[in-house]
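Sequential numbering of the sequence shown, starting at 1078, is according to our numbering. Okay, structure first, notes after.
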Amino acid sequence: HAYANAFERLVMVALGIYPRSEYLRLPLFFLARHSAELHLKEVIQEYSAATGLPYEAAKIHSLVTLWNKVKILVQGMHDDEWSAHVGKLICHLHDFDPDGQRFRYPEDNAGKPFDGTRVELERLAHAHGSITLWCEAVCDMLQVGRE
């Protein structure tokens, strides 16, 4: 949860010094995206362990692929509005950065510079909060169901 905590603290600083925080946009997106990836992997790990299935997400970096695995493991989760909203947020983050490289490096593996991207910090903070809170909530529900 270090990436989530780092994002939450840094985004508050960036919003507090806006508009002088432009230089923080890309690192903040990287933190938010990586935090979302790790939260999704935690859901997969917890639910895989609970159902006796092998954990098969360690090498996956695609948010959409991870989300699809989560939907299979967490039964009934796509039937509510919050889950649908989180799914859309995950797709949006994925569209910006499909493999976790775009905001981590200035250019792709072929040496082509990535296009600039406008990141709205307040919306990014809301998206990150929705995704991570949803992941924590489904893990909490699993724990309560075990007790």
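For glycine and all other residues, C-beta sits at the position ideal for the given N, C-alpha and C.
What is the DSSP secondary structure of PRO1190, reduced to helix, strand or coil? Three-state DSSP puts PRO1190 in a strand.
Sorted by chain position, which residues of the same chain lie with C-beta nearer than 7 Å to ARG1179's C-beta, five sequence neighbours on each side aside? Cβ neighbours of ARG1179 beyond the five flanking positions: PHE1173 and PHE1191.
Across which residues does DSSP place GLU1184 in a beta bridge pair? Per DSSP, PRO1190.
What do you get for ARG1114, buried or exposed, if any count of 16 or more other CB atoms within 10 angstroms of its CB means buried? According to the sequence provided, residue 1114 is Glu. The question's Arg does not apply to it. GLU1114 should be labelled buried.
Measure from the alpha carbon of GLN1152 to the alpha carbon of each residue in GLY1188, ALA1127 and ASN1082, then state which is nearest. Closest option to GLN1152, judged by alpha-carbon separation, among GLY1188, ALA1127 and ASN1082: ALA1127.
Can you tell me whether ARG1097 is buried or exposed? The criterion is at least 16 other CB atoms within 10 Å of its CB, across all chains shown. ARG1097 sits exposed, since fewer than 16 C-beta atoms from the chains shown fall within 10 Å of its C-beta.
Cβ-based neighbour list, LEU1053, same chain, cut-off 8 Å, excluding 5 preceding and 5 following: Lying outside 1078 to 1224, the shown extent of the chain, residue 1053 is not represented and no answer is given.
Can you look up LYS1148 in the DSSP assignment and give me helix, strand or coil? Secondary structure of LYS1148 (DSSP, three-state): helix.
Would you decide whether VAL1215 is buried or exposed? Buried here means 16 or more other CB atoms lie within 10 Å of its CB. Burial is judged here by how many other beta carbons sit within 10 angstroms of a residue's own beta carbon; VAL1215 has at least 16 and is buried.
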